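Under my numbering, residues 2 to 250 are what the sequence shown spells out, in order.
All residues carry an ideal CB built from backbone N, CA and C; glycine is no exception.
Being a predicted model, the structure only gives us computed values, none of them experimental.
Right, one structure below, let's go through it.
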Amino acid sequence: MMGANLIMFRTRLKKMVNLNFFKKGGDEKPQTAQKAAVTTAVDEPEATFLDEVLETLSNRPELDVESLMELILAKARRASIAEAGSIFIVDPIMGGGERVLRCCSLQNDRIQMDRASFSIPIDKRSIAGYVAQTGEILEITDLYEIPVDRPYSFNRMFDDKHGYRSKSMLVFPLKNLRGQVTGVIQLLNHLEGADKVGSFKLAHINEMKSLVTMIGMLVERTALVKEVERLSHELANKEQQLQNVLNSQ
Numbered sequence: 002m003m004g005a006n007l008i009m010f011r012t013r014l015k016k017m018v019n020l021n022f023f024k025k026g027g028d029e030k031p032q033t034a035q036k037a038a039v040t041t042a043v044d045e046p047e048a049t050f051l052d053e054v055l056e057t058l059s060n061r062p063e064l065d066v067e068s069l070m071e072l073i074l075a076k077a078r079r080a081s082i083a084e085a086g087s088i089f090i091v092d093p094i095m096g097g098g099e100r101v102l103r104c105c106s107l108q109n110d111r112i113q114m115d116r117a118s119f120s121i122p123i124d125k126r127s128i129a130g131y132v133a134q135t136g137e138i139l140e141i142t143d144l145y146e147i148p149v150d151r152p153y154s155f156n157r158m159f160d161d162k163h164g165y166r167s168k169s170m171l172v173f174p175l176k177n178l179r180g181q182v183t184g185v186i187q188l189l190n191h192l193e194g195a196d197k198v199g200s201f202k203l204a205h206i207n208e209m210k211s212l213v214t215m216i217g218m219l220v221e222r223t224a225l226v227k228e229v230e231r232l233s234h235e236l237a238n239k240e241q242q243l244q245n246v247l248n249s250q
């Protein structure tokens with residue numbers, strides 16, 4: 002049943018890609034030949050990205066949201082040639098309406114990372130919080146040179162502790178079909194060679210921009226499926242308990 006649902010979901014996503022479903026507005030001017038060539042160049046990586054994630058889900062239907070987010074981050078890093086990155090999911094605070102960003106995965110090819118286990122507020126003081134609150138995509142050339150008039154800043158504590166140099170960053174929100182931000186991905190240090198860090202390119206930005214809603218849908222769908230499975234399991238246990246009581250009478 003799970004496999005059939007994933008096949009249907011994959012077909013739906015591919016149709017959306019082919020129809021440019023996620024591009025804003027319907028009044029865009031026709032593309033020039035050069036722009037069309039660029040679009041064609043990034044269409045194939047987009048499809049590959051989705052196919053790889055969906056194929057993993059087909060083979061591992063037990064995958065939870067955290068594991069899915071870790072997989073998505075790894076695929077996004079590979080697609081953008083990013084040395085490191087992090088991925089957050091929007092979580093409500095228990096007992097209240099306030100939401101936070103919970104880090105699901107930290108990845109770095111140069112430094113061994115511990116499993117992520119922290120949350121940050123959704124506000125404009127941090128880069129991830131700013132993107133979660135505004136829904137904007139940020140491309141930062143040098144994290145140490147963020148203009149002072151920006152509301153967000155970069156915390157160098159990790160760099161100072163590990164002797165690392167965070168430089169370029171591409172940050173984008175994950176959104177559901179209602180346009181609500183469900184998570185944030187930060188891609189760090191685009192590699193242009195073995196040790197050379199450069200800025201993220203327009204092709205990377207356009208590719209990630211086209212994928213934000215599709216990835217957001219995938220994460221939301223996985224969370225819903227896992228919740229339904231949990232409730233079904235809980236209901237089955239209660240039914241079994243009730244049946245045991247009836248049989249004992």
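- request: Report the three-state DSSP secondary structure of Ser-81 (helix, strand or coil).
  value: Walking along the sequence shown from the start, residue 81 turns up at place 80. Note: Ser-81 maps to helix in three-state DSSP.
- request: Would you tell me roughly how many angstroms separate the C-alpha atoms of Ala-75 and Leu-178, rounded to the nearest one?
  value: One-based indexing of the sequence shown puts residue 75 at position 74. One-based indexing of the sequence shown puts residue 178 at position 177. So the two alpha carbons sit approximately 23 Å from each other.
field: Where Glu-240 sits in the DSSP three-state scheme
entry: Residue numbering aside, residue 240 sits at position 239 when the sequence shown is read from its first letter. The answer is helix: DSSP assigns Glu-240 an H, G or I state.
query: Is Phe-155 helix, strand or coil by DSSP?
result: As a working note, residue 155 is residue 154 in the sequence shown. DSSP places Phe-155 in coil when its eight states are reduced to three.
- request: Apply the 10 Å Cβ neighbour rule to Lys-176 and answer buried if 16 or more other Cβ atoms are within range, or exposed otherwise.
  value: Translated into the one-based positions of the sequence shown, residue 176 becomes position 175. Lys-176 comes out buried.
- prompt: If you draw a straight line from the C-alpha of Lys-202 to the C-alpha of Gln-242, how long is it?
  reply: Here residue 202 is taken as the residue at index 201 of the sequence shown, counted from 1. Here residue 242 is taken as the residue at index 241 of the sequence shown, counted from 1. Rounded to the nearest angstrom, the two C-alpha atoms are 58 Å apart.
- request: Return the first residue and the last residue of the alpha helix (DSSP H) that Phe-130 is part of.
  value: As a first step, residue 130 must be located in the sequence shown, where it is residue number 129. A quick correction: the sequence has Gly, not Phe, at residue 130. Note, Gly-130: alpha helix (DSSP H), 128-135.
message: Less than 8 Å between the C-beta atoms of Val-133 and Val-66, yes or no?
response: Stepping through the sequence shown from its first residue, residue 133 is reached at position 132. Stepping through the sequence shown from its first residue, residue 66 is reached at position 65. It should be pointed out that residue 133 corresponds to Ala in this sequence rather than to Val. Taking 8 Å as the Cβ cut-off, Ala-133 and Val-66 do not qualify as a contacting pair.
- request: May I ask you to verify whether the segment 112-122 touches the segment 138-147, counting CB pairs closer than 8 Å and requiring at least 3?
  value: no
- prompt: So Ile-121 and Ala-129 are in contact, right, with Cβ under 8 Å, and what is the actual spacing, rounded?
  reply: As a first step, residue 121 must be located in the sequence shown, where it is residue number 120. As a first step, residue 129 must be located in the sequence shown, where it is residue number 128. Right, their Cβ atoms sit about 6 Å apart.
query: Is Leu-69 buried or exposed, if buried means 16 or more other CB atoms sit within 10 Å of its CB?
result: Within the sequence shown, residue 69 is the residue found at index 68, counting from 1. Buried, since its Cβ has 16 or more Cβ neighbours within 10 Å.
- prompt: Closest by CA to Glu-140, which one among Asn-248, Gly-164 and Ser-169?
  reply: In the sequence shown, counting from the first residue as 1, residue 140 sits at position 139. The option with the nearest alpha carbon to Glu-140 is Ser-169.
query: Is the distance from the Cβ of Cys-104 to the Cβ of Ser-87 below 8 Å?
result: Walking along the sequence shown from the start, residue 104 turns up at place 103. Walking along the sequence shown from the start, residue 87 turns up at place 86. Contact flag set, yes.
field: Residues near Leu-171 in its chain [Cβ-Cβ closer than 7 Å; skip 5 each side]
entry: The sequence position of residue 171 within the sequence shown is 170, counting from 1. Answer for Leu-171: Ser-81, Glu-140, Leu-188, Phe-201, His-205, Ile-206 and Met-209, listed in chain order.
- prompt: To the nearest whole angstrom, what separates the beta carbons of Gln-1 and Arg-78, a pair I think is in contact under 8 Å?
  reply: The first residue shown for the chain is 2 and the last is 250, placing residue 1 beyond what the model contains.
- prompt: Taking DSSP as the reference, what is the three-state secondary structure of Leu-178?
  reply: In the sequence shown, the residue the question calls residue 178 occupies position 177. Of the three classes helix, strand and coil, the one that applies to Leu-178 here is coil, per DSSP.
task: Report the three-state DSSP secondary structure of Met-215 (helix, strand or coil).
output: To locate residue 215, count along the sequence shown from 1; it is residue 214. Of the three classes helix, strand and coil, the one that applies to Met-215 here is helix, per DSSP.
- prompt: Using the C-alpha atoms, what's the distance from Tyr-131 back to Pro-152?
  reply: As a working mapping, residue 152 is identified with position 151 in the sequence shown. As a working mapping, residue 131 is identified with position 130 in the sequence shown. Answer to the nearest angstrom: the Cα atoms are 8 Å apart.
- request: Would you mind stating whether Leu-102 and Ile-73 have Cβ atoms separated by less than 8 Å?
  value: On the sequence shown, residue 102 is found 101 positions in, with the first residue counted as 1. On the sequence shown, residue 73 is found 72 positions in, with the first residue counted as 1. No; because the gap between Cβ atoms is not below 8 Å, this pair is not in contact.
message: Which residues does DSSP list as the beta-bridge partners of His-191?
response: Locating residue 191 in the sequence shown gives position 190, counting from the first residue. Its beta-bridge partners are Ala-83 and Gly-199.
- prompt: On the three-state DSSP scale, how would you describe Ile-123?
  reply: Residue numbering aside, residue 123 sits at position 122 when the sequence shown is read from its first letter. If DSSP states are grouped into helix, strand and coil, Ile-123 belongs with coil.
query: Going along the chain, which residues of its own chain have a beta-carbon closer than 7 Å to the beta-carbon of Gly-199, five neighbours each way excluded?
result: To locate residue 199, count along the sequence shown from 1; it is residue 198. Here the set comprises Ser-169, His-191 and Glu-193.
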